[in-house]
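Enquirer: Have a look at the structure that comes next, please.
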Amino acid sequence: MIGELRDGAMTRVYIGIASRDRPKMVSELLDSVARLDIEANLELAIILVENGNGEVLRQAVERFAANSVRIKIHHLVEPRLGIVFARNAALEFATNSNFDGLAFVDDDEVVTPTWILELLAEQQRGQYDIVGGPVRAFVDSRPLTFWNRIVWKGLSTRVQRVEQACGERKANGKESQIVLSTNNWLVSLPFVRKENLKFDERYNLTGGEDTRFLRDAWRLGAKTGWAPKAVVREQIVRERLSPWYQIRRARDHALVSLNDKSDRRPASKWLRGPVSAIFKLLSGLVLLLVAPFTGGATFFNALRALGEAAGRTQGLLGIKSKHYRVTMGK
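Numbering (numbering that gives the first Met the number 0), first residue to last: 0 to 329.
Structure (structure tokens):
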């Protein structure tokens, strides 16, 4: 469903970045974009949407613009607080242009040199409307506390397992089942224009807007694929390595998931919600109790299970997640 793309190839591509109050991380991301391998027939440009007053990222934008000859940067300002407002600002800017594709990365990531070429090669190979790739986590070189080390061990293991599972699905011809996220994502703009797709504002502070976008695209017949070599790297800041943060993150994810499923199947919220909340609570407690005997190997999964139990319970009470109200990192 690529439509007007010549031979299915994207030759003019935007890189979309939504950010709030992270000038250092954005500078590091822009530096990595400047080092991208680019073929002669590919035109790249950046859409950086600042979710704020437009002043926090100005210096990073000006420095990139002064040093980059190959890649133009557009600095947009979206004063309304919310990730969906920022993503839709980038999407609207892109769809109103004559560009072929829009890639999204998060502002706490850096891209590898071959990232965009790998995404584009996979998109052209499968004639995909949306294609995604793996996100690999890393921490900086500062020493980790005891609890940081335990959480990092569990988190990094989980990230590796997710990437492995996606690779196995692709190898087995099931890559269309992979849930693609905007932290490493390329969409066909002709498809977006044709279907008038946007991110759903109901997910503005909760997160999960990219999953909803993907499900809407699937419903409209989108063909989706996986580019295993299109790697980006996500920096995990210290605040996210605390046990309490991992509980809250799992809670917020479960809240969004429960509310999203209840929108599509209202009865399932009350049929499955209470049972799954109790199951997650019990499994979390068991994993927590055995953690000392597993060298802490089950501790991270215990945190996630307890968070998911809390999220399902709060979802049944009608509470909404506000995960994106506070940002972490500089």
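Cβ coordinates follow ideal geometry from the N, Cα and C atoms, glycine included. These numbers were taken from a predicted model, which means no experiment stands behind them.
Using CA atoms only, rank isn't needed, just tell me which of V104, P142, R148 and G207 is closest to A229.
Expert: Comparing Cα-Cα distances from A229 to each of V104, P142, R148 and G207, the minimum goes to V104.
Enquirer: First and last residue of the beta strand (DSSP E) that includes Q234?
Expert: Note, Q234: beta strand (DSSP E), V231 to Q234.
Enquirer: Let's test the definition: count the other Cβ atoms within 10 Å of the Cβ of S18 and tell me whether it reaches 16, buried, or not, exposed.
Expert: Per the 10 Å Cβ criterion, buried.
Enquirer: Using a threshold of 8 Å, state whether the C-beta atoms of Q58 and P112 are closer than that.
Expert: No, Cβ-Cβ distance for Q58 and P112 is not below 8 Å.
Enquirer: Report all residues from its chain with a CB closer than 7 Å to the CB of E3; omit the five preceding and five following residues, and keep chain order.
Expert: For E3, the predicted model reports a pLDDT of 43, less than 50, meaning its position is unreliable; a value from the coordinates is still stated below. Same-chain partners within the cutoff: P189.
Enquirer: Decide yes or no for the touch test of the stretch 140 to 151 against the stretch 225 to 243: beta carbon pairs closer than 8 Å, at least 3 of them.
Expert: Touching, yes, given that three or more Cβ pairs across the two stretches are closer than 8 Å.
Enquirer: If you draw a straight line from the alpha carbon of R250 to that of A170, how long is it in whole angstroms?
Expert: Straight-line Cα distance between these residues: approximately 32 Å.
Enquirer: So is Q163 buried or exposed if we call it buried at 16+ other beta carbons inside 10 Å?
Expert: Classification of Q163: exposed, given that the 10 Å Cβ count is below 16.
Enquirer: Tell me whether the beta-carbon of E49 lies closer than 8 Å to the beta-carbon of V76.
Expert: Yes. Within cutoff.
Enquirer: Using alpha carbons as the reference points, say which of N195, F299 and V191 lies closest to Y244.
Expert: Selected option, being the one with the closest Cα: F299.
Enquirer: Which word fits K279, buried or exposed, when buried means at least 16 other C-beta atoms lie within 10 angstroms of its C-beta?
Expert: It counts as buried.
Enquirer: Would you please state the rounded distance, in angstroms, between the beta carbons of V12 and A102? I believe it to be under 8 Å.
Expert: Their Cβ separation, rounded to whole angstroms, is 6 Å, which keeps V12 and A102 in contact under 8 Å.
Enquirer: Nearest to Y127 by alpha carbon, out of L119, T223 and A136?
Expert: Here the closest residue by C-alpha is T223.
Enquirer: Less than 8 Å between the C-beta atoms of L185 and A216, yes or no?
Expert: Against a cut-off of 8 Å, the Cβ pair of A216 and L185 comes out as no contact.
Enquirer: Over what stretch of residues does the alpha helix (DSSP H) that includes K169 continue unbroken?
Expert: Element bounds for K169: F145 to A170.
Enquirer: Restricting to Cα atoms, I'd like to know which of E167, S155, R168 and G81 is closest to T205.
Expert: Here the closest residue by C-alpha is G81.
Enquirer: For the alpha helix (DSSP H) holding N87, just list the boundary residues, first then last.
Expert: Start and end: I82 to T94.
Enquirer: Classify T223 as helix, strand or coil using the three-state DSSP reduction.
Expert: Note: T223 maps to strand in three-state DSSP.
Enquirer: Tell me which residue opens and which closes the beta strand (DSSP E) that A8 is part of.
Expert: Per DSSP, A8 belongs to no beta strand (DSSP E) and is neither H nor E.
Enquirer: State the CB to CB distance for the pair A89 and G207, rounded to an integer number of angstroms; the pair is presumed to be in contact (CB under 8 Å).
Expert: Not really, about 18 Å apart at Cβ, beyond 8 Å.
Enquirer: Starting from W184, follow its DSSP beta bridges and name the residues at the other end.
Expert: Answer by DSSP bridge pairing, in chain order: F103 and G131.
Enquirer: Assuming V110 contacts V285 (C-beta within less than 8 Å), just tell me the rounded distance between them.
Expert: With a Cβ gap of about 40 Å, V110 and V285 do not count as contacting.
Enquirer: Assuming L355 is part of the beta strand (DSSP E), what are its boundary residues?
Expert: As displayed, the chain neither begins before 0 nor continues past 329, which places residue 355 out of reach and without an answer.
Enquirer: With a threshold of 6 Å on Cβ separation, who are the neighbours of A253 within its own chain once the five nearest residues in sequence on each side are excluded?
Expert: Cβ neighbours of A253 beyond the five flanking positions: E307, G310 and R311.
Enquirer: By the three-class DSSP mapping on this structure, what secondary structure does L32 have?
Expert: Per the sequence shown, residue 32 should be read as Val rather than Leu. Reduced to three states, the DSSP call for V32 is helix.
Enquirer: What do you reckon, are the CB atoms on E233 and V134 nearer than 8 Å?
Expert: Contact flag set, yes.
Enquirer: If you draw a straight line from the C-alpha of T10 to the C-alpha of R303, how long is it?
Expert: Between T10 and R303, the C-alpha separation is close to 42 Å.
Enquirer: Measuring CB to CB, does I45 end up less than 8 Å from V32?
Expert: Yes.
Enquirer: By Cβ distance below 8 Å, which residues in the same chain neighbour F292 in space, the five residues on each side in sequence not counted?
Expert: Within the same chain, F292 has no close Cβ partners at all.
Enquirer: Taking DSSP as the reference, what is the three-state secondary structure of E77?
Expert: Note: E77 maps to coil in three-state DSSP.
Enquirer: Specify, as a first and last residue, the run of the beta strand (DSSP E) that E108 falls within.
Expert: Where E108 is concerned, the enclosing beta strand (DSSP E) stretches over E108 to V110.
Enquirer: Going by C-alpha distance, which of S187, F212 and K193 is nearest D199?
Expert: Of the candidates S187, F212 and K193, the one whose C-alpha sits nearest the C-alpha of D199 is F212.
Enquirer: Quick check on the DSSP output: the alpha helix (DSSP H) that includes F212 runs from which residue to which?
Expert: Per DSSP, F212 belongs to the alpha helix (DSSP H) from E208 to R218.
Enquirer: Count the other CB atoms within 10 Å of the CB of R248; is the residue buried (16 or more) or exposed (fewer)?
Expert: By the 10 Å Cβ count, R248 comes out buried.
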